[in-house]
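Protein chains in written order, with numbering that gives the first Met the number 0: chain A, 0 to 156; chain B, 0 to 773.
We treat Cβ as the ideally placed atom computed from N, Cα and C, and that holds for glycine.
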Amino acid sequence: MKKLIQLKINGETAEVAVEPRTTLLHVLREDLGLTGTKEGCGIGDCGACTVLLDGKPVASCLTLAVEVRDREVLTIEGLSKDGELHPLQRAFIDHFAVQCGFCTPGMILSAKALLDRNPHPVEEEVRQALSGNLCRCTGYVKIVEAVLAAAEYMQSQ
Amino acid sequence: MKESSMIGKNVPRLDALEKVTGKAKYSVDLNLPGMLHAKVLRSPFPHARIIHIDTTEAEKATGVKAVITGRDVSEEKIGFIRDRYILARDRVRFLGEAVAAVAADKVEAAEEALELIKVEYEELPGVFDAEEAMKPNPPVVIHPDLYTYALAPNPTPLYRFEPDMPNVYIHRQVLQGDPERAFRDADMVIENRFFMPSAQHAAIEPHNAIAQPEPDGGLTIWISTHQLYLFKLNLCRLLGLPSSKLRVVSLYIGGAFGGKSGLAVPAIAGLLASKSRRPVKFVLNRDEVFLDGNNREAMTLCVKDGIRKDGTLLARQMRLILDAGGYSGTTALVAKNAAFGAIGTYNVPNFKLDSYAVATNNPPTGPHRGFGSTEVVWAIESQMNMIAEKLSMDPMEIRRKNLLREGVVDSLGMVTHSIGAGECLDKISDWLGTVPATPQNEGAWRKGRGIALCNKYTIGGTDSNVFVKVHPDSTLEVRHSANEIGQGCDTVLAQMAANEFATSIDKVKIVSCDTAITPYEEATVSSRITFHAGNALLLACKDAKNQILQIASKKLEAPSDSLEIKDGVVYCQGDKAIRIVDLFSPKGFVPGGGEIMGRGVFSGPRENEDPDTGQGKRPVTYYAHGATAVEVLVNIETGEIKITRIGSCFDMGQPINPKLCEGQMEGGMGMGIGGALFEEIVFDKGLTRNASFCDYKIPSSIDFPTKENVISLIAPVLHSEGPYGAKGLGEGSLLAVAPAIAEAIYNATGVRIRDLPITKEKILKGLNLLRSSS
């Protein structure tokens with residue numbers, strides 16, 4: 000049976016009717032039209048559906064919508080503020096860290112979670128933090144470069 | 000070159016902003032009003048007769064709007080050998096073959112309805128080993144009517160059936176010179192057997208399509224594919240629609256690598272949409288991508304070489320056995336094209352190749368980045384290292400000695416042009432340092448280095464058509480139908496258009512991949528787009544510029560050949576000039592001329608090949624060349640392998656955007672590491688044992704060395720027919736990785752691996768053998 004719940008997505012409150020088994024991914028994509036969050040496997044292996052839940056990266060395909068009531072969800076659509084790109088987004092563009100782009104939203108959010116808790120990561124820490132986000136196009140080289148460059152830029156600000 | 004301000008420049012990707020903000024749309028992101036969701040029922044047996052299918056209960060289930068089975072699909076079949084119905088009719092030939100499909104208002108309702116479909120099967124014996132299947136008396140004949148099937152249109156009939164081998168889809172032969180005699184004359188003959196397993200492309204976006212019925216009885220289908228017009232052609236046939244009633248659209252593609260070439264997904268969505276008169280979305284689950292996602296076939300390769308004492312290759316004979324699976328897919332064509340990769344690097348005057356695509360009851364297979372080249376390069380490059388060792392020669396030296404050179408006729412009869420293999424080899428070995436490394440011991444870790452070469456052909460006889468519309472604000476609208484699969488074709492084509500009009504990149508707009516408005520493109524395959532669509536684009540720009548110059552010539556009262564276009568202005572010698580915007584009336588129309596729309600058509604060279612020997616003047620359009628260098632650490636107690644350095648150098652002709660080329664090389668190295676060290680689809684009597692990213696590991700960020708230990712270099716050798724001298728790159732970057740890693744491992748441990756992937760177990764087994772034999 001469906002139940003109405005309130006979620007806080009990208010700083011805004013959204014009311015959605017969900018079944019107990021409805022995933023956060025489903026709510027984001029199908030109910031709220033936030034299709035920037037991608038589904039690559041549906042079982043938590045690939046990281047494409049990564050969103051931040053209270054600042055921590057989670058696989059939204061394995062997260063039930065009812066679990067995230069009264070918690071802050073950040074998706075890729077909520078990352079830039081007032082049209083201003085987040086330094087990670089800027090760095091992904093400048094460093095050619097995007098190819099097909101399907102892993103990109105999840106990758107950027109995993110990187111944000113890392114930089115929020117560790118503003119000066121070394122390369123190895125970046126690689127570890129992104130190891131749950133699979134990318135088949137890039138070989139990760141330019142992604143890692145972009146994250147390190149964004150960290151450096153944010154430090155300089 | 001007169002105007003080359005945009006060529007060779009690292010222009011930021013046009014699609015990057017959309018992709019980093021989550022705004023980029025992929026077909027899987029579309030939700031249409033009233034849309035249904037499709038799911039298919041798959042065979043639990045690898046080989047069985049379908050006695051009866053009862054869908055009565057499923058049709059009555061809540062939310063179900065349409066159910067189809069093999070009875071509802073057309074007589075038209077798919078595959079280069081037309082051997083497969085969209086839904087199985089009387090027989091299933093692999094475990095996972097779709098037998099029925101349901102469209103319901105929710106995914107869950109569709110899934111539940113599948114459980115209500117009753118299928119009665121009669122199991123048949125299966126055959127799962129290609130070499131067993133190709134025997135004259137196999138345990139079972141998978142396609143008893145094989146020789147009656149139609150063939151896909153192909154410029155030359157290079158297919159050959161083997162009536163004595165009833166499970167062989169095709170046998171391809173290549174012959175040049177007299178290999179038997181050359182083997183007798185050789186100082187040394189060396190023969191080895193290699194294996195490359197079945198692999199998944201693992202694009203992160205799963206295969207999907209959405210079909211929407213249109214009021215005229217036709218359909219619009221959004222598809223995640225890299226073969227827009229090829230899909231349109233085949234879907235018209237499969238859905239019984241005339242060209243005018245089928246519109247095919249692709250948005251951004253979340254990776255492809257050859258995998259998004261199967262017609263079943265859009266055809267099933269289309270059939271269900273036609274039946275339900277509602278839009279239908281069909282997305283494969285990840286495990287379904289592994290089961291029926293056009294995996295690369297497993298290939299067994301025997302390579303026999305005759306060599307002179309000084310290292311000169313006199314003869315090469317290859318026998319390739321491809322496990323194509325239950326249906327021929329495109330693997331029949333892979334069996335043909337593998338010959339191109341086998342002859343593209345070295346000068347071998349006596350050459351023979353026999354390639355067999357074999358039917359088994361494993362899942363059907365299709366194109367995978369390389370299209371046969373990955374497999375043959377693995378075998379040939381490994382063999383070159385073994386020859387070098389036998390002759391106590393430097394592995395670089397034996398390669399240099401035997402390289403094809405400009406103007407030399409290759410083993411298929413084509414005159415070699417634009418070959419940067421030697422330059423790539425030099426540059427990448429300079430980067431890696433002395434090769435081979437002196438093995439260094441640090442506890443149980445042993446260091447080794449390896450280098451391999453590769454070539455990637457681009458197929459002949461393909462066509463591209465591009466339009467360039469000039470807007471009244473002087474923006475260039477490039478209309479093309481190459482799929483943006485991540486490689487960056489939109490950016491590359493925009494750079495070329497900006498260059499031709501001597502304007503900036505922000506004055507170019509891309510409109511792509513909608514058969515209602517963008518022109519014919521053969522397919523985004525075979526690393527052909529920069530060259531083919533690029534050439535068509537240059538012609539379209541020329542046409543549009545001519546139209547502008549004709550009009551401007553009248554307005555400026557100057558001959559058109561004295562005019563020049565730059566930054567949206569037509570300049571005349573002296574002071575006269577007119578802005579493109581002023582050529583249009585205030586209504587946005589060119590009086591007497593209407594729209595300014597340039598059209599460009601480019602057709603790649605087409606030459607016949609001899610069906611018995613494969614010889615021809617131009618069997619391929621061009622070759623990209625490259626080399627990969629690797630340093631590894633191998634733990635001789637655990638078998639663990641660490642890639643500590645990896646670099647590639649490629650000759651793709653003129654790089655249009657070097658950073659995009661780097662992206663292809665780095666991506667190819669990543670995929671190559673996976674293929675070398677862990678990727679293998681494991682079958683157990685037709686059952687796919689590892690159909691998930693958990694069980695089929697692809698490289699993650701920790702499997703790559705640190706960034707200062709990775710390099711991508713460019714050694715361009717221009718092609719006389721390419722746009723600005725460009726060729727192609729996408730596929731090639733994968734090919735040399737596995738043989739380079741295998742050589743580095745051999746260099747470190749003395750263990751020679753011939754069967755990929757190179758697992759810890761294989762290393763330890765090899766070390767044990769070495770110990771017991773010493």
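Can a CB atom of chain A be found closer than 8 angstroms to the CB of K18/B?
yes
Using the beta-carbon of each residue, which ones in chain B are nearer than 9 angstroms to C48/A?
Per Cβ cutoff of 9 angstroms: no residues; C48/A is ~10 angstroms from chain B at best.
Quick one: using the 10 Å Cβ neighbour count with 16 as the cut-off for buried, is S647/B buried or exposed?
buried
Within the same chain, show all residues whose beta-carbon is closer than 7 angstroms to that of I4/A, passing over the 5 residues directly before and after it, in chain order.
V15, V17, A64, V65 and R68
Euclidean distance between Cα positions of Y148/B and A149/A:
58 angstroms
Please state whether DSSP places F583/B in a helix, a strand or coil.
F583/B sits in coil when the DSSP states are folded into three classes, being neither helix nor strand.
Using DSSP with H/G/I as helix, E/B as strand and the rest coil, what is P154/B?
Model confidence at P154/B stands at a pLDDT of 48, short of 50, so the residue's coordinates are unreliable; what they give is reported in the following sentence. Coil.
Which residues share a DSSP beta bridge with H36/B?
Assignment of beta-bridge partners to H36/B by DSSP yields A103/B and K280/B.
How many Å lie between V101/B and S260/B at the Cα?
22 angstroms
Have a look at A747/B and N361/B and give me their C-alpha separation to the nearest angstrom.
36 angstroms
Anything in the stretch 141–155 of chain A with a Cβ closer than 9 angstroms to a Cβ of chain B? List those residues in chain order, please.
K141, I142, V143, E144 and L147
Pull out every residue of the stretch 201–231 of chain B whose Cβ sits closer than 8 angstroms to any Cβ of chain A, in chain order.
Those would be A201, A202, I203, E204 and P205, in chain order.
Helix, strand or coil for R751/B per DSSP?
coil
Does DSSP put V17/A in a helix, in a strand, or in coil?
strand
What residue range is occupied by the uninterrupted beta strand (DSSP E) comprising Y622/B?
V619 to N634
Less than 8 angstroms between CB atoms is the rule here; does R12/B satisfy it with respect to chain A?
yes
Under a three-way DSSP split, which group does R478/B fall into?
strand
Going by beta carbon distance, what residues of the same chain come within less than 7 angstroms of A47/A, once the five residues before and after it are set aside?
K37, E38, G39, F101, C102 and G105
Kindly indicate the opening and closing residues of the alpha helix (DSSP H) around A535/B.
I528 to L555
Please identify the residue among K544/B, T643/B and L712/B whose C-alpha is closest to the C-alpha of A597/B.
Here residue 597/B turns out to be Gly, not Ala, going by the sequence shown. If we check each option's Cα against that of G597/B, K544/B comes out closest.
Are G352/B and V167/B closer than 8 angstroms when you measure CB to CB?
What sits at residue 352/B in the sequence shown is Leu, not Gly. No, the Cβ-Cβ distance between L352/B and V167/B is not below 8 angstroms.
Taking 8 angstroms as the CB-CB limit, is I697/B close to chain A?
yes
Quick one, which of F93/B, P32/B and H51/B has its alpha-carbon nearest P45/B's?
F93/B
Tell me, please, whether the CB atom of I6/B is closer than 8 angstroms to any CB atom in chain A?
no
Residues near H632/B in its chain [Cβ-Cβ closer than 6 angstroms; skip 5 each side]:
Before going further, note that residue 632/B is Leu rather than His in the sequence given. Take L632/B, set aside five residues on each side of it, and the residues of its chain with a beta-carbon closer than 6 angstroms to its own are W444, K446, K641 and T643, in chain order.
Using three-state DSSP, classify N207/B as helix, strand or coil.
strand
Could you have a look at Y745/B and say whether DSSP puts it in helix, strand or coil?
helix
Classify M79/B: buried if its beta carbon has 16 or more other beta carbons within 10 angstroms, exposed otherwise.
For clarity, residue 79/B is Phe in the given sequence; the question names Met instead. The residue is buried, with at least 16 neighbouring Cβ atoms inside 10 Å.
With DSSP as the reference, label S197/B as helix, strand or coil.
coil
So is the beta-carbon of N454/B under 7 angstroms away from any non-hydrogen atom of the ligand GTP?
Of the ligands one can find in the structure shown there are none, so the ligand GTP has no counterpart to examine.
Could you check the C-alpha separation between M298/B and V750/B for me, to the nearest Å?
Distance between the alpha carbons of M298/B and V750/B is about 22 angstroms.
Straight-line Cα distance separating Q156/A from G671/B
39 angstroms
Under the DSSP definition of a beta bridge, which residues are partnered with D683/B?
L686/B
Partner residues on chain A for Y326/B, Cβ-Cβ distance less than 9 angstroms
Per Cβ cutoff of 9 angstroms: no residues; Y326/B is ~25 angstroms from chain A at best.
Kindly identify the DSSP beta-bridge partner or partners of R83/B.
I77/B
For Q226/B, which three-state DSSP category applies?
In the structure shown, the three-state DSSP call for Q226/B is coil.
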